[in-house]
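Peer 1: This is the structure I have questions about; it appears just below.
Number of protein chains: 2
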Amino acid sequence: MPRVRESILLLSEKLAGGRSLAMLHGTSSTADFTPASLLPLQGLVRADLEEVNQLILSLVQQEVPLIEQIAQHIIRSGGKRLRPALVLACAHLCGHTGDRHIRLAAAVEFLHTATLLHDDVVDESTMRRGDETANAIWSNQASVLVGDFLLSRAFQLMVGDGSLPVLKLLSDTSATISQGEVMQLMAAGELSTTQEEYLQIINAKTAALFSAACTIGGLITERPDTECAALAEYGRSLGIAFQLADDALDYAASQAELGKTIGDDFREGKLTLPVILAYAAGDDEERAFWQRTIGHGEQTSDDLATAQANIQKYNTLSTTLAMARSHAEQAVNQLSFFPESPTRDALAQAARFAVERRF
Amino acid sequence: MPRVRESILLLSEKLAGGRSLAMLHGTSSTADFTPASLLPLQGLVRADLEEVNQLILSLVQQEVPLIEQIAQHIIRSGGKRLRPALVLACAHLCGHTGDRHIRLAAAVEFLHTATLLHDDVVDESTMRRGDETANAIWSNQASVLVGDFLLSRAFQLMVGDGSLPVLKLLSDTSATISQGEVMQLMAAGELSTTQEEYLQIINAKTAALFSAACTIGGLITERPDTECAALAEYGRSLGIAFQLADDALDYAASQAELGKTIGDDFREGKLTLPVILAYAAGDDEERAFWQRTIGHGEQTSDDLATAQANIQKYNTLSTTLAMARSHAEQAVNQLSFFPESPTRDALAQAARFAVERRF
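Protein chains in written order, with the working numbering: chain A, 981 to 1339; chain B, 981 to 1339.
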C-alpha cells in the first residue's frame, strides 16, 4: 500500500526533525498557535482516502493494457494526494455525510494526473519525484493519449455524481489549467516576465485546481455563497503558497531531502519566482548569466552554484518564501468563516505545511 | 467565409463529375434510389452551421494569443464539418425547435479538433489536408496544451447546455476515443492485427464520435430509446464507412483530388485495412515488404507503387470499399425508424457520400 508507506515516511520525517523551510526564512512554525503539518489532515481523511485510492485503481483497470500500466504508474507515484485530501476534508468541514466526496476526490486526482502526464511531455521531463516519467518509459505519444483518457475519466466521474454546479466548476477549472499551461509555455525563457504575470500563471495552472478541490464540499452540501467563496479562496491561496514554496525548495533543499532533487527547475530552464526576481535585480553580467542558462538553456555543471549564489545575493528565496507564507496566512484567515473544529484546525495546519514543508 | 468556399468547391466538383470511389468498386451511386451526396445535408443545416462556426470562433477568442492562433488554425482548416452537421440534422430529424443543437454541435466539433491536435502530435504529422499541422508550426508542446484547452471548452459547452444524458454520452465517448487512440498506438506496425481488431479500433477512435453526434438530437428531444439507438447506430455505421473509405482513398485517389494526397497513410506507416488484408493474403516476400515499409517504416520512393500493386493483386481495396458500403447501407437502414422527410433523405445521402466521396 503506497499510501501507508507514504504516511510512515511522513511521520518518521516529522519525528526526525531537521532543517525545514521555516528555518530558511527565519521563523519557526512551532512559535505559531497553529503548527505546520499535514498529519492531522491525513489522519482525518485516512479511511476516505483509502476508498478514493481503491476507486481510482478500479477505474483504470480495463481492457487496454497500456492505459492501465501508465495510469497505475502515474497514480502510484502520485505523491501526497493533497488535492483529494482537500476535497475530502472540506466536504467534512461543510458537514457532508454521504459518499459523493469520494467520487469527486477521485475526479480531481484524475484531472491532476492527466495534467502531470501532459506536463512531462511539454517539459520533456524524464524524472518526477525520483521515478522515471511515463513519457520516458512509454513515449510521449502514450502519455498524451493516456492523459486524454484520464481527463475523460474525470468527467465521467463528475457526470456520475450528477451535480451541474460541480461540473461547471471543474470544467471551468480544466480550461483555466490549460490556459495557465499555455501562458507558461509562452513565458518560457522570457526572463522579463513580471512577478504579476508569474502569479497569474501559477494561479491558473496550479492554484485553480486547489481552489476547485476545496469548493466542491461547499457545493455538494449547498452551503451559502460566502462559505463557498471562502473555501475557493482558501484553496487558491494554499495553492499559490504551495507553488511558491515548491519554487523555493528547488534552490534551497538539500539533495538528500525526500523526493525533491535540488536544481531540477534550474536544469529544465524553468522560469520561477526566485529567478524572475534575481533577474530583475541583477546587473548586466548577472542578467547575461540568466539569459544564457534559463533564456537559452545553455548550462555547465558550475551554473547551479552560481544561480544559488545570485539568488542568495538578492534574497529572492526569502522574498519568495515570504510571499508564500503570506498566501498561507490568507488561506488560514478564510477558515474563520467556519466554526472551530478538528477539521478546521487540520486545514489550517495543512495551509502552513504548504510553506514549511521540506519536500 | 471558408464554409461558403467549401460548399462551392463541393458543388463544382459534383457538377464536374469525374472518377469516384463508386467506379472503383464497380457500382454507380446513381443506380440507387438514394444518391450519394453531402449537398442536401449541407443545404439543410447551412444557417445553423453558420451559427455553430460563429460560436466556435467566439469561444476561442480570449486573452491567451497562442490558444487563439492554434484553435483558429485547426478550426479554419477543419474540413467538411461533418460531425456538427450531423448533430444539427439529427436534431431536426427529431423535431428539435430550440437552439440547444447549436451549442452541442460546437461541443462535438471542439472534441473533434482536440483529437486532431493530439493525433498530429502522436503521428508526428506535418501536413493535414494540404495545410501545415499546428504541431509543425507551433510545436508539439503547444498542440498538446491547446488540445487540452479545446477538450475543456467542449465540456464547458455541454455543462452550459445542462443535460446530464448528453454529458454522459459525450464524456463516455471522449474516454472511448482515447481508448481507441491508445489501441491504435499499440497496434502501430503490428501487421498481424486482425480485421476484427482493426474494426474495434476505428469503432472507438472514429465511429464513436459520429454515433454520439447523431444521438444528441434524440436525447435533447427525449425520443424513445429505440429511436436514440437507431440514431446511435446510424452514426456508428456511417463513421466506420467513412473511415474505411478514407483508408481506401489513400491508395486509390489520384494526386489531383481535393485535399487528400495519395500515400499519406503509407508514408506515415499507418496500419489500415487494405494493408492488413494484403499482408494476411501475401506470400513471404510480400509480407517482408510490408514488414519493412509499414512494420519498420523503412521506405524508398518506389515502395508506394509496389504497395498499390500488392493491394490491387489481392483486391483489398475492393474488399475495404465493399465493407464500407455495407456499413453505409446499415446506416441508411436505421433511418427507417423515422418517417420520410427531406432531412431523412439528406441523412441517407450523406451516409452513401461517406463511401462514394473522392476526398
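The beta carbon of each residue, even a glycine, is placed where N, CA and C say it ideally should be.
1. Could you give the distance in angstroms between the alpha-carbon of A:I1242 and the alpha-carbon of B:K1148?
2. Can you look up B:D1244 in the DSSP assignment and give me helix, strand or coil?
3. Taking B:I1054 and B:L1097 to be in contact with their CB atoms under 8 Å, please state how far apart those CB atoms are, rounded to whole angstroms.
4. Starting from the beta carbon of A:F1318, find every residue of chain B whose beta carbon is closer than 8 Å, and list them in chain order.
5. In chain B, which residues lie less than 8 Å from A:R1133 when you measure between Cβ atoms?
6. Does any residue of chain B bring its CB to less than 8 Å from the CB of A:A1236?
7. Buried or exposed: A:K1293, going by 16 or more other Cβ atoms within 10 Å of its Cβ?
8. Within the 8 Å Cβ cut-off, does A:H1276 reach chain B?
9. Grab me the residues of B:F1333's own chain with a C-beta within less than 7 Å of its C-beta, minus the 5 sequence neighbours each way, in chain order.
10. Can you tell me the Cα-Cα spacing of A:L953 and A:Q1164, whole angstroms?
11. According to DSSP, simplified to helix, strand and coil, what is A:T1079?
12. Apart from the five residues on each side of it in sequence, which residues of its chain come closer than 7 Å, Cβ to Cβ, to B:Q1271?
13. Strictly below 8 Å CB to CB, what residues from chain A border B:V1126?
14. Go ahead and label B:D1282 buried or exposed: buried means 16 or more other beta carbons lie within 10 angstroms of its beta carbon, across all protein chains shown.
15. Could you work out which residue in B:L1029, B:R1324, B:T1156, B:Q1052 is closest to B:T1113 when comparing CA atoms only?
16. Which partner residues does A:M1138 have in the DSSP bridge list?
17. Applying a beta-carbon distance threshold of less than 8 Å, which residues of chain B neighbour A:L1147?
18. Quick check on the burial criterion: 16 or more other C-beta atoms within 10 angstroms. Buried or exposed for A:D1263?
19. For the pair the region 1070-1081 of chain B and the region 1191-1200 of chain B, tell me if three or more CB-CB distances fall below 8 Å.
20. B:E1278 by DSSP, collapsed to three states: which one?
21. List the whole-angstrom C-beta distance separating B:E1248 from B:F1317, where the pair is believed to meet the contact cut-off of C-beta under 8 Å.
22. Below 7 Å between beta carbons is the criterion; list the residues of the region 1097-1128 of chain A that meet it against any residue of chain B, in chain order.
23. Please state the DSSP three-state secondary structure of B:D1111.
24. Take A:G1219 and list the residues in its own chain whose beta-carbon comes closer than 6 Å to its own, dropping the five residues that flank it on each side.
25. Can you have a look at A:A1331 and say buried or exposed, based on whether 16 or more other CB atoms are within 10 angstroms of its CB?
26. Closer than 8 Å, CB to CB, is A:P982 near chain B or not?
27. Would you decide whether A:A1285 is buried or exposed? Buried here means 16 or more other CB atoms lie within 10 Å of its CB.
28. Could you check if A:D1020 is buried or exposed, using at least 16 other CB atoms within 10 Å of its CB as the buried criterion?
29. Starting from the C-beta of B:L1066, find all residues in its chain whose C-beta is less than 7 Å away, skip the five residues before and the five after it, and write them out in chain order.
30. Cα separation between A:R1083 and A:D1152?
31. According to DSSP, simplified to helix, strand and coil, what is B:Q1121?
32. List, in order along the chain, the chain A residues whose C-beta lies closer than 8 Å to that of B:G1142?
33. May I have the straight-line CA-CA distance separating B:G1140 from A:A1258, to the nearest angstrom?
34. Measure how close the beta-carbons of B:T1173 and B:L1251 come, nearest whole angstrom, since I'm counting them as under 8 Å.
35. Go through its chain and collect everything with a Cβ distance to A:F1222's Cβ below 6 Å, but skip five positions before and after it.
36. Taking the alpha carbon of A:E1176 as the point to measure from, which residue in A:S1105, A:T1280, A:I1274, A:I1256 has its own alpha carbon closest?
Peer 2: So, to answer that:
1. 44 Å
2. helix
3. 6 Å
4. Near A:F1318 there are no residues of chain B at all, since even the closest Cβ is about 28 Å away, more than 8 Å.
5. A1155
6. The predicted model places A:A1236 with a pLDDT of 49, which falls under 50 and marks its position as unreliable; any figure quoted below should be read in that light. No, because no Cβ of chain B sits closer than 8 Å to the Cβ of A:A1236.
7. exposed
8. no
9. A1016, S1017, L1018
10. The requested residue 953 of chain A does not occur in the structure, where chain A is confined to residues 981 to 1339.
11. Going by the sequence as given, residue 1079 of chain A is Asp instead of Thr. Residue state, collapsed to three classes: coil.
12. L1171
13. S1158, V1162
14. exposed
15. B:Q1052
16. Answer is none; A:M1138 lacks a bridge partner.
17. F1135, V1139, L1147
18. exposed
19. yes
20. coil
21. 39 Å between Cβ atoms; not a contact.
22. H1098, V1101, V1102, Q1121, A1122, V1124, L1125, V1126, D1128
23. strand
24. T1186, A1187, F1190
25. buried
26. For A:P982, the predicted structure reports a pLDDT of 36, less than 50, and the residue's modelled location is therefore unreliable. A value from the coordinates is still provided. Closer than 8 Å: no.
27. exposed
28. Note on residue identity: the sequence assigns Pro, not Asp, to residue 1020 of chain A. Buried.
29. F1190, A1193, C1194, G1215
30. 19 Å
31. helix
32. L1144
33. 44 Å
34. 6 Å
35. A1334
36. A:I1256
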